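All remarks here apply to the structure that follows.
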DNA sequence: GGAACTACGT
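In the numbering used here, the protein residues as written are 10 to 902.
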């Protein structure tokens, strides 16, 4: 590398720090030895009868050190001192070195005591003392000796700086470096390497540049080590262009140079460049080592591309590089963060099978996977592994166990871990408090919160956010608000964006959408800027047909605040627009995305499925398959429903078998219920039942519900009873199922329901938005002032709804049949919207709490044809889109 | 005595 090329990088350095001459060369120094020769009488098993030569004593002392008999050696020293003789500095140095080699800090301290008595200590002995403390991990003691030294040479500074470096005190390394320069001692190459490492660690670009210039001035730039280290500092500080300038000038790049570049790109999130260099390195004949694979894999995982990361891990095995604990841990963490928890735990098992030992971080990652999956059994296994590995004293492990037990619903175990911990930090307290809230013990959480204030770890803003979230979860909205307000007044702990987000998502989860929107509005007038989490929290409150305008408003807001460019936000927008009945907007967001991930595709796919656009869904699925995307559970759940909707039973079946065989995905309940829907919708009820009976896992309510729906449509009342009974066992309090079951019994001529167990008939209600106001209609509610007007309008329309072919047939409905006094709520909504718009409605968006009945469905079809309007109505079953006399559900719901 | 170096939790 030529010096003039390296100096392409512009550097400004303070003049006083530029040394005017080149680096000094260090010679060994000899000592002034003046130890008298006497006879030393000694302890039991050591006796030196006659030692006329201090060198002989040194030899014998050395031998004692080698044997590990340091105390004997000290005894000899003491006897020398007793006899008033002087110990040679080299003797002390040898003994101190032995303490370093044996990692024997106690003996080192004994020696320090004796050296301390010497009036004028040799700087070399003092330096050795500094290194002794440093290497035994006693940074403070090392610093004390260092600070008291009057004469410091390069060795002294190197020992102290080396100590800080080993202790990961990077800032101190740099500070000491500047002090040393001002003190007038010039660094050598070894010391500069230490300081450069520190610069990289604490991203100190300025010092890095300064050293770069020093190196050029002193003609050291030909050192391979220095060159690589300087390059690494530029790379770590994000100055990839500077790093590249150095890199490009190297004739023969070694693996270290490549690693520095790859790491730099990874740390700056430029994974494409990192991958490019990784590939180029192999082309130049440098085989990537374990670290290179690991860096790339970790980067992909951090960016959420665990699918690419796992491919890389499999590939490295083919290259003969075995994944180590870093590789596995990074993969487990990547899959956990991506939500593929069972996959993460599969990897943990595979890691054990491969004979790789876990460490504390692996255990912490695995515990958080168990927590996310709420798998207590797996969590217990992880806990026992931690016990076997003797890691339970570790704060990190303790905290992750508290979190795991809390999330798996075993707060008692979490409390026991908490009690046993010798050391607790903020995480311990915050986790256990969160755990009590989750378990529903609000009072206990509050009690711990009070105790925490007296503890060594007083609450921080996260604690308060945990409290706000907890109060919201337990319905104590006022307490949450009080706490939130107190954060402003108090002043000690300031609210942060997460405090606002906790409140907003709490209200959304409690169904208080308007309050959530109000808080969101207030936030916009506060000094805290909303972030993407805010958008993600608030959007679900608008993902319904009566809030369709709100999605647009929030989308605009996100664009203005530059938050819409985040993929996770865009993905949720695709979903929210679809759910609010604006599929065109979903498409606009989706096709406007420059980089789409599998979630983007899944969101668009489920949007199409929701709107009954099965052809578009199938087309999109084809495109997805061609893109080489890693299709996941969500993809298959949607595509099965698309096949179901399109009546493509065989295609659906073949995709279902692909899920397990080709994609190695364990089907979840969503997939099973979609299959039941697929079979049931096409009338294959017996096959659907057989499918349920052959399921490898216990079917849940959604599976039975799919069968019950099929029975309802195909009027198989006998099978409806079987499905309904099973459903009622799973959800005893569900009065809708109870009502359906009672209907099925009566249609079969049976009255098997227990006497006195009257079924509450469900009350239908719906909501419609007109001119920014949401209007509610409830069956049998006489309070509506326009009721007569609505009824007479409906009467006129009813004459024209000619398709009511099922009117007199036997069927099961969620809602009681209409009579003159109980017109179904959606009909009232239709009438209201038509009258309100003078019979020229364009788009009606209605939300209904129960499944529509056949009659209302026919009415909606008629209205859409007769008035040329579109009706979006989401009931408890699906989203119906009525247009031109047809419904997107194709009359199956 | 020396260079690159990756994984974790409220």
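Just so it is clear, CB atoms sit at the ideal spot from N, CA and C, and this is done for glycine as well. Quick caveat, the model's predicted, so the values are computed rather than measured.
Three-way DSSP call (helix, strand, coil) for residue 765 in this model: Here the question's residue 765 lines up with position 756 in the first chain. With a pLDDT of 48 at residue 765, under the threshold of 50, the predicted position of this residue should be treated as unreliable, though the coordinate-derived value follows. Assigned with DSSP and collapsed to three states, residue 765 falls in coil, not helix or strand.
At least 3 beta-carbon pairs within less than 8 Å: the segment 566 to 585 vs the segment 539 to 546: Per the Cβ contact rule, the segment 566 to 585 is in contact with the segment 539 to 546 (3 or more Cβ pairs under 8 Å).
Pull up the distance between the alpha-carbon of residue 519 and that of residue 321, whole angstroms please. Position 510 of the first chain, counted from the start, is the residue given in the question as residue 519. Position 312 of the first chain, counted from the start, is the residue given in the question as residue 321. It is roughly 43 Å from the alpha-carbon of residue 519 to the alpha-carbon of residue 321.
On the three-state DSSP scale, how would you describe residue 534? Position 525 of the first chain, counted from the start, is the residue given in the question as residue 534. Reduced to three states, the DSSP call for residue 534 is coil.
Check for me: the beta strand (DSSP E) holding residue 779 runs from which residue to which? Along the first chain, read from residue 1 onward, the residue named residue 779 stands at position 770. Here the beta strand (DSSP E) through residue 779 covers 774 to 779.
Drop a sphere of 10 angstroms on the beta-carbon of residue 669, count the other beta-carbons inside from all chains shown, and report buried for 16 or more, exposed for fewer. Walking along the first chain from the start, residue 669 turns up at place 660. Exposed is the label assigned to residue 669, since fewer than 16 other Cβ atoms lie within 10 Å of its Cβ.
Going by beta-carbon coordinates alone, are residue 729 and residue 735 separated by less than 8 Å? Locating residue 729 in the first chain gives position 720, counting from the first residue. Locating residue 735 in the first chain gives position 726, counting from the first residue. The beta carbons of residue 729 and residue 735 sit no closer together than 8 Å.
If you draw a straight line from the C-alpha of residue 447 to the C-alpha of residue 340, how long is it? For this step, residue 447 is matched to residue 438 along the first chain. For this step, residue 340 is matched to residue 331 along the first chain. Residue 447 and residue 340: Cα-Cα distance of roughly 28 Å.
Can you tell which of 755, 809 and 838 has its C-alpha closest to the C-alpha of residue 796? Position 787 of the first chain, counting from 1, holds the residue named residue 796. Residue 796 has its Cα closest to that of 838, out of 755, 809 and 838.
Do you know whose CA, among 88, 93, 131 and 150, lies nearest residue 117's CA? As a working mapping, residue 117 is identified with position 108 in the first chain. That would be 150, whose Cα lies nearest to the Cα of residue 117.
On the criterion of 16 or more Cβ atoms from any shown chain inside 10 Å, does residue 272 qualify as buried, or is it exposed? Along the first chain, one-based indexing puts residue 272 at 263. Answer is buried; the Cβ neighbour count reaches 16.
Any heavy atom of the ligand MN inside 7 Å of the beta-carbon of residue 166? Ligands are entirely absent from the displayed structure, and the ligand MN is therefore not among its contents.
Locate the alpha helix (DSSP H) running through residue 808, then write down its first and last residues. Taking the first chain and counting its residues from 1, the one referred to as residue 808 is at position 799. 796 to 809 is the span of the alpha helix (DSSP H), which, as asked, contains residue 808.
Pop quiz: residue 475 and residue 443 are said to be a contact at Cβ under 8 Å. What is the actual Cβ separation, rounded to whole angstroms? Along the first chain, read from residue 1 onward, the residue named residue 475 stands at position 466. Along the first chain, read from residue 1 onward, the residue named residue 443 stands at position 434. So it is a contact: roughly 5 Å between Cβ atoms.
Which value, in whole angstroms, describes the spacing of the CA atoms of residue 366 and residue 354? Locating residue 366 in the first chain gives position 357, where the first residue counts as 1. Locating residue 354 in the first chain gives position 345, where the first residue counts as 1. The straight-line gap from Cα to Cα measures roughly 15 Å.
Which residues does DSSP list as the beta-bridge partners of residue 857? Translated into positions along the first chain, residue 857 becomes position 848. Answer by DSSP bridge pairing, in chain order: 775.
In angstroms, rounded to a whole number, what distance separates the CA positions of residue 897 and residue 864? Along the first chain, one-based indexing puts residue 897 at 888. Along the first chain, one-based indexing puts residue 864 at 855. Whole-angstrom Cα-Cα distance: 16 Å.
Residues bridged to residue 786 by DSSP? To locate residue 786, count along the first chain from 1; it is residue 777. DSSP, once it has assigned bridges, lists 775 as partnering residue 786.
Quick check: what's the CA-CA separation for residue 770 versus residue 395? Looking up residue 770 in the first chain gives position 761. Looking up residue 395 in the first chain gives position 386. One C-alpha to the other measures close to 53 Å.
Residue 330 beta carbon less than 8 Å from that of residue 302: Along the first chain, read from residue 1 onward, the residue named residue 302 stands at position 293. Along the first chain, read from residue 1 onward, the residue named residue 330 stands at position 321. Contact check for residue 302 against residue 330 passes: the beta carbons are separated by less than 8 Å.
Counting only runs that start and end within the segment 242 to 310, where is the alpha helix (DSSP H) found for 4 or more residues in a row? For the segment 242 to 310, whole alpha helix (DSSP H) runs of length 4 or above, ordered along the chain, are 249 to 257, 264 to 276 and 280 to 292.
Using only the alpha-carbon positions, how far apart do residue 217 and residue 207 sit? Stepping through the first chain from its first residue, residue 217 is reached at position 208. Stepping through the first chain from its first residue, residue 207 is reached at position 198. One C-alpha to the other measures close to 9 Å.
Could you tell me which uninterrupted alpha helix (DSSP H) segments, each at least 4 residues in length, are contained entirely in the segment 439 to 490, listed from first to last along the chain? With a minimum length of 4 residues, the continuous alpha helix (DSSP H) runs that stay inside the segment 439 to 490 are 451 to 463 and 470 to 482.
Between the alpha carbons of residue 227 and residue 221, how many angstroms are there, rounded? The sequence position of residue 227 within the first chain is 218, counting from 1. The sequence position of residue 221 within the first chain is 212, counting from 1. The straight-line gap separating the alpha-carbon atoms of residue 227 and residue 221 is approximately 10 Å.
Tell me where the alpha helix (DSSP H) around residue 174 begins and ends. Taking the first chain and counting its residues from 1, one reaches residue 174 at position 165. DSSP places residue 174 in the uninterrupted alpha helix (DSSP H) bounded by 163 to 175.
With 16 other CB atoms within 10 Å as the buried threshold, where does residue 416 fall? Along the first chain, read from residue 1 onward, the residue named residue 416 stands at position 407. With 16 or more other Cβ atoms within 10 Å, it is buried.
Is it true that the CB of residue 204 sits closer than 8 Å to the CB of residue 166? Position 157 of the first chain holds residue 166. Position 195 of the first chain holds residue 204. Contact: no.
Neighbour-count burial assignment, residue 288, 16 or more Cβ in a 10 Å radius: Locating residue 288 in the first chain gives position 279, counting from the first residue. That one is exposed.
Under the three-state DSSP convention, the category residue 754 falls into: The sequence position of residue 754 within the first chain is 745, counting from 1. Helix.
In its own chain, which residues sit with a C-beta less than 8 Å from the C-beta of residue 437, not counting the 5 before and 5 after it? Translated into positions along the first chain, residue 437 becomes position 428. These residues qualify, in order along the chain: 404, 407, 408, 411, 427, 430 and 466.
From the DSSP secondary-structure annotation, give me the bridge partner or partners of residue 524. Within the first chain, numbered from 1, the residue matching residue 524 stands at position 515. Its beta-bridge partners do not exist; DSSP assigns none.
Residues near residue 393 in its chain [Cβ-Cβ closer than 6 Å; skip 5 each side]: Here residue 393 refers to the residue found at position 384 when the first chain is read from its first residue. Excluding residues within five positions, none has a Cβ falling inside 6 Å.
Is the number of C-beta pairs between the segment 654 to 664 and the segment 612 to 624 that are closer than 8 Å three or more? Contact between the segment 654 to 664 and the segment 612 to 624 is present: three or more C-beta pairs spanning the two stretches fall below 8 Å.
Alpha carbon to alpha carbon, how far is residue 213 from residue 242? Give it in angstroms, no decimals. The residue given as residue 242 occupies position 233 in the first chain. The residue given as residue 213 occupies position 204 in the first chain. Taking the straight line from one Cα to the other gives about 8 Å.
By a C-beta neighbour count over all protein chains shown, 10 Å radius and 16 as the cutoff for buried, is residue 848 buried or exposed? Counting from one through the first chain, the residue named residue 848 turns up at place 839. That one is exposed.
Report the CB separation of residue 783 from residue 833 in whole angstroms; it is logged as a contact under 8 Å. Numbered from 1 along the first chain, position 774 holds the residue referred to as residue 783. Numbered from 1 along the first chain, position 824 holds the residue referred to as residue 833. Approximately 18 Å separates the beta-carbon atoms of residue 783 and residue 833; this is outside 8 Å, ruling out the contact.
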